[in-house]
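Report on one structure; see the data block that follows.
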Amino acid sequence: VRIGLFVVVVMSVAARRLWMLGATAVALYLVNPAMIAALPFALLLLSRDPWIRKAFVLSCCAYIPIFLIALLVSSKTGEFLPTLAGNGSINIFLGNNPDPLSHRGGGDLEAARMLYGTDGDAFAMAFAYFKADPLGFAGNLLTKAGLYWMPWDFLRSGMGQGVSTALFTYIGLVQVVIYATFWHASKSMSAHQVYFALMFSISAWLLYTAFFVKVRFRVPVDILLSLSCLASRLSGPSKPTSATGA
Numbered sequence: 004v005r006i007g008l009f010v011v012v013v014m015s016v017a018a019r020r021l022w023m024l025g026a027t028a029v030a031l032y033l034v035n036p037a038m039i040a041a042l043p044f045a046l047l048l049l050s051r052d053p054w055i056r057k058a059f060v061l062s063c064c065a066y067i068p069i070f071l072i073a074l075l076v077s078s079k080t081g082e083f084l085p086t087l088a089g090n091g092s093i094n095i096f097l098g099n100n101p102d103p104l105s106h107r108g109g110g111d112l113e114a115a116r117m118l119y120g121t122d123g124d125a126f127a128m129a130f131a132y133f134k135a136d137p138l139g140f141a142g143n144l145l146t147k148a149g150l151y152w153m154p155w156d157f158l159r160s161g162m163g164q165g166v167s168t169a170l171f172t173y174i175g176l177v178q179v180v181i182y183a184t185f186w187h188a189s190k191s192m193s194a195h196q197v198y199f200a201l202m203f204s205i206s207a208w209l210l211y212t213a214f215f216v217k218v219r220f221r222v223p224v225d226i227l228l229s230l231s232c233l234a235s236r237l238s239g240p241s242k243p244t245s246a247t248g249a
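See the structure below:
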């Protein structure tokens, strides 16, 4: 579903159709709450372009229906879930704790509570890790930033056992092909398409680095790069005219 929505996002940016982008953004936010931050941030980085400025405002407004639903739910349950999901704080903890596999989302909340001698929630435990070991916290962030781009991963519960080498080799080869294709196609793509695809990739990278990194998180964003090339072909070749970067 997320990849299908990425298709529409890319096409709406290529065709510069605000209504299509706004409607798709609402659906994308519901399917993948991480995009609530990633999509507007990507557009913000390109805000020198007048159309992109409008798209940025619209991408922010697309969150309003979700925010109103969250308020309605909180009035009945007493718990405010801004993304309509309750796993945000636990994901922050899983990606920021003393566990050796924290960069891949490994961690034990109860073990962290015992280690730091407090009964705080998941977010509090992530903050406790930062206070107790700021260098380890920073090193973990750098590890995540680097591993995000790597084709291999840690598979839990023996998943992929016996075929993981072939699997990750294939993912790596596809990744190289996608990046090479995008680089080649970018020479005939419009500037706003190129920069949007790149800034979206960077936004996703920064966002997932703050949580934890998995190959399955990056693959849809890689596909977005290839979709941008396809959108360029469908809309006809056009040389970049002017930079739309920040």
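In this text, residue positions in the sequence shown follow the numbering used here: the first is 4, and each later residue adds one. Virtual Cβ for every residue (Gly too), placed ideally from N, Cα, C.
Between the CA atoms of residue j and residue i - distance to the nearest angstrom
| i | j | result |
| --- | --- | --- |
| T146 | V180 | 24 Å |
| N99 | G120 | 17 Å |
| R19 | V4 | 22 Å |
| L230 | F83 | 36 Å |
| I6 | L227 | 8 Å |
| S92 | S191 | 43 Å |
| R107 | S206 | 19 Å |
| P68 | P85 | 11 Å |
| A65 | N94 | 24 Å |
| G110 | S193 | 44 Å |
| S77 | M128 | 24 Å |
| F70 | D156 | 34 Å |
| V177 | D124 | 40 Å |
| L250 | T27 | The requested residue 250 does not occur in the structure, where the chain is confined to residues 4 to 249. |
| G142 | R116 | 21 Å |
| L138 | A114 | 20 Å |
| P240 | S189 | At P240, the pLDDT of 47 sits below 50, so the modelled position is not reliable and the matter cannot be decided from this model. |
Residue i vs residue j beta-carbon contact at 8 Å
| i | j | result |
| --- | --- | --- |
| S105 | F9 | no |
| Y151 | W208 | yes |
| A234 | A58 | no |
| F45 | M202 | Before going on, a small fix: residue 45 reads as Ala here, not Phe. Yes; because the gap between Cβ atoms is below 8 Å, this pair is in contact. |
| D136 | P101 | yes |
| F130 | L112 | no |
Residue from the options whose Cα sits closest to the Cα of residue i
| i | options | result |
| --- | --- | --- |
| P53 | H195, L233, I226, K217 | H195 |
| Y173 | R5, Y132, V222, A213 | V222 |
| L210 | L24, I39, A26, T27 | I39 |
| D225 | T184, T212, A37 | T184 |
| A73 | F96, P36, S189 | P36 |
| Y182 | R51, C232, V60 | C232 |
| L158 | A148, G175, L170 | L170 |
| S204 | R56, A148, S167, G175 | A148 |
Anticipated Cβ contact below 8 Å, residue i with residue j, distance rounded
| i | j | result |
| --- | --- | --- |
| P154 | V197 | Not a contact, Cβ separation roughly 24 Å. |
| S15 | L42 | Between L42 and S15 the Cβ distance is about 11 Å, and since that is not below 8 Å, they are no contact. |
| V12 | L24 | 7 Å |
| L31 | F199 | Wrong, their Cβ atoms sit about 14 Å apart, outside the cutoff. |
| L144 | T212 | 6 Å |
| F126 | F133 | Wrong, their Cβ atoms sit about 11 Å apart, outside the cutoff. |
Residue interval of the alpha helix (DSSP H) (run including residue i)
| i | result |
| --- | --- |
| N143 | 137 to 150 |
| E113 | 112 to 119 |
| M14 | 5 to 18 |
| A58 | 53 to 64 |
| L75 | 67 to 80 |
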